[in-house]
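Report on the structure given below.
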Amino acid sequence: MHLTQVLGLEITKDGNAKAGTVGLDKAEIADLIQQRQTARQQRNFERQMIFSIGWQ
Numbered sequence: 057m058h059l060t061q062v063l064g065l066e067i068t069k070d071g072n073a074k075a076g077t078v079g080l081d082k083a084e085i086a087d088l089i090q091q092r093q094t095a096r097q098q099r100n101f102e103r104q105m106i107f108s109i110g111w112q
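Structure below.
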């Protein structure tokens, strides 16, 4: 996957960018958002555990 696809852009033959679709449906997007939120929560939990034992 290219960055332009992630950003939802489509590059035309003349080099211009236009808004396009990433090729994911709403359910796939919702799943990716949920995965990201879970990863953030896990990172915050781990950070809190480190701080609770005195590491700064």
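Note that the working numbering has the sequence shown beginning at 57, numbered continuously upward. From the three backbone atoms N, C-alpha and C, an ideal C-beta is built for every residue, glycine too.
Of the listed residues the options, nearest to residue i (C-alpha basis)
i	options	result
Ile85	Glu102, Leu63, Ser108	Leu63
Collapsed DSSP secondary structure at residue i in the structure displayed
i	result
Leu127	The structure shown has nothing for residue 127, since the chain only spans 57 to 112.
Ile106	helix
Leu80	coil
Contacting residues, own chain, Cβ-Cβ under 8 Å from residue i (five flanking each side not counted)
i	result
Ile106	none
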